[in-house]
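Taking our numbering, I'd label the letters of the sequence shown as residues 10 to 470.
No residue lacks a Cβ here, since even glycine has one placed at the ideal position from N, Cα and C.
Since the model is a prediction, treat every value here as computed from it, not as a measurement.
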Amino acid sequence: MSDYFSADKTTHFEIVNNPDIQSFLNDCKYFNEPTGEEAIEVASMFSKVSIQNEALPNNIIAIDGSSYETNIDSKLPFTRAGYVKIGNILIRRDKLNSLGKEKFVNPFKMAEIEKQNSSTVFAFPGSNMQYKGQLNTRDGFRLALDNYMHTYRSDKNDYKTSLRSTLFELAKYREANKISSDNQSIILHYCPSCKEENIKVFNTEELQLCPKCRKSIYPSDCLRIWENVEDGVSIQSALTRFTNVIEHIFIVHFIRDIINRSPNAFVETLSNIAFFVDGALAVYGNPAWVHGAIMKFLYKINKIMVRNGKNPILIIGNIRNNEVVNYFKYIDSEIPSETILCLSDEIRNKYVNFNKIPSSSTFGSETYYGQDFIYKSKSGKLMVFDLPYPFKDKTDLKTFIKEKSEINKYKNLNRALFLVEEFECDLYSNTIIPVALARKHTVISLKPGSKILDLLTKNSL
């Protein structure tokens, strides 16, 4: 394979001017900017919204992740390691807002907000690396992933407070054929070594082996991230998949931890928290089953919240860049301020999707647990965000497709819009302040062993 950096740059011009390439491009269909008539038509579907004063959570937990792969040594270009960095931070709304009331921002107060700046970093072996004596990159990756999820704990002395234990909680809400009868185990799709199907793993600190090949198996194998790992090639796709799924597992982990710490008072605590996550409320690729488990988990907890006179848990996915954002940027000038659109499959298929081919079921049927909203703020900024579906599952598909785009189904919408307006940010395009701060890894970190969750469970919050 030619070295890109030493290749003759004029080669690119030869490719573009090649008649076969021109013919190929002429045969391709691609996205075109919406016409003025289409822009006016879609903009007319937005509804005027008046945000009402309402009690808002004071505690904002923002979650953002990033990943990258790097060479171990410049002289060894094919020996690589991968890293995933997750920022889980707590922002006190009252303290952040108090800074804006002063004529000049007090640098000491800002420094106090940003004082504890840390994040969680996961490291993984890449091509030509063996981790802890494992025979290949894939097995080393699996071991490293499971070790991290097992050692990340709210209580360092209790393995049942780990991220890995949260996987066991989510496994209770999987599809019927993957739920264990004892509710204490996870059923793996198959063994990574011998492909034996439907193997049980348990929430224990002991090493577990495949009953057929006697090779190591891990609870975190259920995420199937390892299927994207091969010897001698990039592991970036695996890093991307892990970054995506772990952000959403953290949401469940924090909720679960608060419930376990304060079983008689968690409703009050959760009602005073809002979660912001960078990106859509969706899980992609092999771990996509997690999205359905989260949907059922939230439905169960939110029923308890509502029964006790509270709103559902407020979770907002801040979408900065995707096909929805790109499309509505084109028609931004036609959309009036203080209007909102709950994006239906019909609108998505007719206008947003460039190929105009409807899904055989519904958009995001196997990935999304949240609904897309497009909102034009008072200041004229266009924001795209997700709120969790207020449904247990998507079993009744016809009803789900109809009701998911009914704006009155989302009891948290007014509070979400209030926070979106309050936290509107110019630091990053289409970004809300909590997510922007998470991206800069500032304010108070929810790191293992911290006392923040203890503080959150106090009745005074």
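**Report entry** Close Cβ partners of Y92 (< 8 angstroms) along its chain, the five nearest in sequence each way excluded
**Finding:** S76, Y77, E78, T79, V130, F131, A132, F133 and L248
Query raised in the report: Given that a residue counts as buried once 16 or more other Cβ atoms are within 10 Å of its Cβ, and exposed if not, what is I264?
Result: buried
Query raised in the report: Would you report the Cα separation of K169 and E347, rounded to the nearest angstrom?
Result: 46 angstroms
Query raised in the report: Between the region 219 to 232 and the region 192 to 208, do at least 3 Cβ pairs fall closer than 8 angstroms?
Result: yes
Query raised in the report: Which residues share a DSSP beta bridge with L391?
Result: K385
Query raised in the report: When the Cβ atoms of the region 314 to 327 are set against those of the region 282 to 291, are three or more pairs found closer than 8 angstroms?
Result: yes
Report task. Report the rounded CA-to-CA distance for S229 versus G74, giving the unit in angstroms. Result -> 19 angstroms
**Report entry** Per-residue burial, H193 [other beta carbons within 10 Å of its own, 16 or more giving buried]
**Finding:** According to the sequence as given, residue 193 is Gln; it is not His. It counts as exposed.
Report task. Using the Cα positions of P66 and I98, report the straight-line distance between them to the nearest angstrom. Result -> 15 angstroms
Query raised in the report: Just checking, does the region 395 to 411 make contact with the region 297 to 308 on the three C-beta pairs under 8 angstroms criterion?
Result: yes
Query - Residue span of the alpha helix (DSSP H) that contains F133, given as start and end - result: Segment T129 to P134 is the beta strand (DSSP E) holding F133; no alpha helix (DSSP H) there.
Report task. Pick out the complete alpha helix (DSSP H) segments inside the region 21 to 75, 4 residues or longer, and give them in chain order. Result -> 28 to 35 and 45 to 52
Query - Selected residue, minimal CA-CA separation from E46, among I340, V242, R357 and S370 - result: I340
**Report entry** Distance CB(V429)-CB(F394) smaller than 8 angstroms
**Finding:** yes
Query raised in the report: R89 bridges to which residues according to DSSP?
Result: N80
Query raised in the report: Can you tell me the Cα-Cα spacing of K385 and G96, whole angstroms?
Result: 28 angstroms
Requested in this report: Can you say whether K403 is buried or exposed, counting buried as having 16 or more other CB atoms within 10 angstroms of its CB?
Outcome: buried
Query raised in the report: In the structure shown, what three-state DSSP assignment does S194 receive?
Result: strand
Query raised in the report: On the three-state DSSP scale, how would you describe P397?
Result: strand
Report task. Determine the DSSP secondary structure at F427, reduced to helix, strand or coil. Result -> helix
Query raised in the report: Can you list, in chain order, the stretches of the alpha helix (DSSP H) that have 4 or more residues and sit fully within the region 304 to 352?
Result: 332 to 339
**Report entry** Three-way DSSP call (helix, strand, coil) for Y378 in this model
**Finding:** coil
Requested in this report: Thinking A185 and L323 are a contact (beta carbons under 8 angstroms), I'd like their distance in whole angstroms, please.
Outcome: Wrong, their Cβ atoms sit about 30 angstroms apart, outside the cutoff.
Query raised in the report: How big is the Cα-Cα spacing for S368 and R250?
Result: 23 angstroms
Requested in this report: May I ask which residues mark the beginning and end of the beta strand (DSSP E) holding I268?
Outcome: Looking at the DSSP string, I268 is not in any beta strand (DSSP E); the run it does join, the alpha helix (DSSP H), is Q245 to R270.
Report task. Could you give the DSSP three-state label for K420: helix, strand or coil? Result -> coil
Requested in this report: Give the DSSP bridge partners of A291, in chain order.
Outcome: Y377
Query raised in the report: Anyone know if the C-beta pair for I349 and I383 falls short of 8 angstroms?
Result: yes
Requested in this report: Compute the beta-carbon to beta-carbon distance between A486 and Y377, rounded to the nearest angstrom, for a pair I have assumed lies under 8 angstroms.
Outcome: Nothing can be reported for residue 486, as the shown portion of the chain is limited to 10 through 470.
Requested in this report: Could you name the residues of the same chain whose beta carbon sits closer than 8 angstroms to that of D82, not counting the 5 residues immediately before and after it, in chain order?
Outcome: T88
Query raised in the report: Can you find at least 3 beta carbon pairs, one from the region 273 to 282 and one from the region 165 to 184, that sit closer than 8 angstroms?
Result: no
Query raised in the report: Would you call the region 25 to 38 and the region 239 to 248 in contact, with 3 or more CB pairs under 8 angstroms?
Result: no
Query raised in the report: In whole angstroms, what is the alpha-carbon distance linking Y182 and R173?
Result: 15 angstroms
Report task. Please report how far the alpha carbon of G379 lies from the alpha carbon of L144, in whole angstroms. Result -> 40 angstroms
Query raised in the report: Taking buried to mean at least 16 other C-beta atoms within 10 Å of its own C-beta, is T252 buried or exposed?
Result: buried
Report task. Go through its chain and collect everything with a Cβ distance to R448's Cβ below 6 angstroms, but skip five positions before and after it. Result -> Confidence at R448 is low in this model, with a pLDDT of 48, below 50, so its placement is unreliable and the value that follows should be read with caution. Counting only Cβ-Cβ distances below 6 angstroms, and skipping sequence neighbours, we find D73.
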